[in-house]
Amino acid sequence: MILFVNACVREKSRTKRLAQALLAKLEGEVVSVNLEDICFDVTDEAYLKKRDRLIAEGAFDDDMFALARQFAQADTIVIAAPYWDLSFPAKLKQYIEAINVLGVTFEYTPEGFPKGLCKANKLYYVMTAGGNYVPEEFGFGYIKALAQNFYGISDVELIKAIGLDIAGADAEAILEDCLYREG
Ligand SMILES: Cc1cc2nc3c(=O)[nH]c(=O)nc-3n(C[C@H](O)[C@H](O)[C@H](O)COP(=O)(O)O)c2cc1C
Numbered sequence: 317m318i319l320f321v322n323a324c325v326r327e328k329s330r331t332k333r334l335a336q337a338l339l340a341k342l343e344g345e346v347v348s349v350n351l352e353d354i355c356f357d358v359t360d361e362a363y364l365k366k367r368d369r370l371i372a373e374g375a376f377d378d379d380m381f382a383l384a385r386q387f388a389q390a391d392t393i394v395i396a397a398p399y400w401d402l403s404f405p406a407k408l409k410q411y412i413e414a415i416n417v418l419g420v421t422f423e424y425t426p427e428g429f430p431k432g433l434c435k436a437n438k439l440y441y442v443m444t445a446g447g448n449y450v451p452e453e454f455g456f457g458y459i460k461a462l463a464q465n466f467y468g469i470s471d472v473e474l475i476k477a478i479g480l481d482i483a484g485a486d487a488e489a490i491l492e493d494c495l496y497r498e499g
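Going by our numbering, the sequence shown opens with residue 317, and the numbers climb by one from there.
Quick look at the structure:
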């Protein structure tokens, strides 16, 4: 199962377009999670207490962990997120808070290091940015660190098209070039 985590917002999202071109090339059933359709719980103290209790009870079949179970079971993961404020939309962070569940997507070794429990062997991160100042540490770099160190997914690939909103830029040509490089 290919899990498509869609953090795109705009109807004519260019990030989504790149992701869809990628998905068309991958083999397997695609299950989409559209983050804009999800009303995430507020991660307040009551939420954390409930989560801790369920984890302590081993009640991993609770609805609270449905997104985490789905993520852990995917064979391939495709995350599509526009570059926002040097990072990605807040909904993607909310999704990460929902799926980072001890005992479902990761566990800790006795030495205190996270160890992945996810089945996927590949994660693609698709993004587009308006400008050309696109440091990776708060967006792709963060997702890559999570994938490799928490989820146990070592193969992480970035697909990106940047500079799309610069005055005079031929956004269409930049996107086409990115699609061509994708193969
Ligand atoms: C809220 C918001 C924040 C943005 N922040 C940045 C930014 O920090 N750097 C940048 O280069 N572009 C930024 N952009 C421009 C988007 O990255 C760019 O338009 C992108 O291609 C949008 O993707 P989409 O077509 O999939 O919606 C921002 C756009 C929005 C709406």
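All C-beta atoms, glycine included, are put in the ideal place defined by N, C-alpha and C.
For residue 398, the number of other beta carbons within 10 angstroms of its own is at least 16, and it is reported as buried.
When the five nearest sequence neighbours on each side are left out, the beta carbons in the same chain lying within less than 6 Å of the beta carbon of residue 439 are those of 393, 463, 469, 472, in order along the chain. In the three-state DSSP reduction, residue 375 falls in the coil class, being neither helix nor strand.
Runs of the beta strand (DSSP E) spanning 3 or more residues and lying entirely within the region 379 to 422 occur at 392 to 396, in chain order.
Looking only at 403, 482, 446, 354, the smallest Cα-Cα distance to residue 456 is reached by 403.
Taking the Cβ of residue 348 as the reference point, every heavy atom of ligand 1 lies at 7 Å or farther away. Judged by their CB atoms, residue 433 and residue 411 are not nearer to each other than the 8 Å cut-off. Between the C-alpha atoms of residue 491 and residue 406 there is a straight-line separation of about 24 Å. Of the other Cβ atoms in all chains shown, fewer than 16 fall within 10 Å of the Cβ of residue 355; this residue is therefore exposed. Here residue 444 carries a strand assignment [DSSP, helix/strand/coil]. No heavy atom of ligand 1 is found nearer than 7 Å to the CB of residue 458.
At least 8 Å separates the beta-carbon of residue 466 from that of residue 419.
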